[in-house]
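*Asks:*
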């Protein structure tokens, strides 16, 4: 069945009207939802605050006012410093422009400073070395001295042994009537002294490297 051009146009018009009707119905539903939400928030806003809630709200408002006042005052003072850079100072200048002019002014002032010489760099390095040396003497040197004192005290209490010349020292010690075997606690003390001495030497080397590596 062949439709005429007029019938085709009528069907298109009907479909268009249906789509428009559905579209407006969806819009009305969304507006109803928004209206309910808006009425809810309006009702909440209309509810008067009391007691601690009211005091808390007043404090928040006061803090916000103070913050804005401080910020505006800072921008006002900054604007005075860069007013000569503004093309039309009579017009209102935005905060973004004020910051841009301030950055430009800072760079200009940095360009006016004298360039750093080799002597200045060496002076800075020497200053850093002296500061690190003071830190080393204040923090690490007392620990090293304390370790040296402990090592000296331990060595004073160690017994003195005289070795007899022989191919087998253990046999000579056992045949000696005055030989007394070393107690286990003294052996552990001797081993701890050797480990402490190694630790001290390694720590001294690391501290010297820390001091003179800069």
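Residue numbers (the working numbering): 739 to 952. Glycine included, C-beta positions come from ideal geometry on N, C-alpha and C. The model shown is predicted, which means the values in this text are computed figures rather than measured ones.
Quick check: what's the CA-CA separation for residue 1011 versus residue 850?
*Replies:* Outside the displayed range of the chain (739 to 952) lies residue 1011, so it cannot be described from this structure.
*Asks:* Using a Cβ-Cβ cutoff of less than 6 Å, which residues in the same chain neighbour residue 833 once the five nearest sequence positions on both sides are dropped?
*Replies:* By one-based count along the chain shown, residue 833 stands at place 95. For residue 833, where only same-chain residues beyond five positions count, the Cβ hits under 6 Å are 813.
*Asks:* Which first and last residues belong to the alpha helix (DSSP H) in which residue 817 is found?
*Replies:* In the chain shown, the residue the question calls residue 817 occupies position 79. Note, residue 817: alpha helix (DSSP H), 789-819.
*Asks:* Would you be able to state if there are at least three C-beta pairs under 8 Å between the stretch 788-798 and the stretch 819-830?
*Replies:* They do not touch, by the three-pair rule.
*Asks:* Can you name, in chain order, every residue of its own chain whose Cβ lies under 6 Å from the Cβ of residue 965, other than the five neighbours on each side?
*Replies:* There is simply no residue 965 to check, as the chain begins at 739 and stops at 952 in what is shown.
*Asks:* Would you call residue 866 buried or exposed, if buried means 16 or more other Cβ atoms sit within 10 Å of its Cβ?
*Replies:* Locating residue 866 in the chain shown gives position 128, where the first residue counts as 1. Exposed is the call here.
*Asks:* Candidates 810, 806, 809, 843: which alpha carbon is nearest residue 824's?
*Replies:* Sequence index remark: in the chain shown, residue 824 carries index 86 (1-based). Checking every option, the nearest Cα to that of residue 824 belongs to 843.
*Asks:* Using only the heavy atoms of the ligand PLP, determine whether one of them is closer than 6 Å to the beta carbon of residue 742.
*Replies:* Absence of the ligand PLP is noted for the structure shown, with no ligands found whatsoever.
*Asks:* Rounded to whole angstroms, what is the Cα-Cα separation between residue 954 and residue 790?
*Replies:* For the chain, the structure presents residues 739 to 952; residue 954 sits outside this window and is missing.
*Asks:* Can you name the start and end residues of the alpha helix (DSSP H) that residue 826 belongs to?
*Replies:* Within the chain shown, the letter at position 88 stands for residue 826. Looking at the DSSP string, residue 826 is not in any alpha helix (DSSP H), and its letter there is neither H nor E.
*Asks:* Here's a check: name, in chain order, each residue in its chain whose Cβ is nearer than 8 Å to the Cβ of residue 938, leaving out the five neighbours to either side.
*Replies:* Within the chain shown, numbered from 1, the residue matching residue 938 stands at position 200. With a pLDDT of 49 at residue 938, under the threshold of 50, the modelled position of that residue is not reliable, and the figure given next carries that caveat. Contacts found: 882, 885, 886, 889.
*Asks:* Report the rounded CA-to-CA distance for residue 743 versus residue 757, giving the unit in angstroms.
*Replies:* By 1-based counting over the chain shown, the position of residue 743 is 5. By 1-based counting over the chain shown, the position of residue 757 is 19. Each residue's alpha carbon lies about 21 Å from the other.
*Asks:* Pick helix, strand or coil for residue 743, following the three-state DSSP scheme.
*Replies:* Within the chain shown, residue 743 is the residue found at index 5, counting from 1. DSSP places residue 743 in helix when its eight states are reduced to three.
*Asks:* Nearest-angstrom Cα distance between residue 768 and residue 754?
*Replies:* Taking the chain shown and counting its residues from 1, the one referred to as residue 768 is at position 30. Taking the chain shown and counting its residues from 1, the one referred to as residue 754 is at position 16. About 21 Å.
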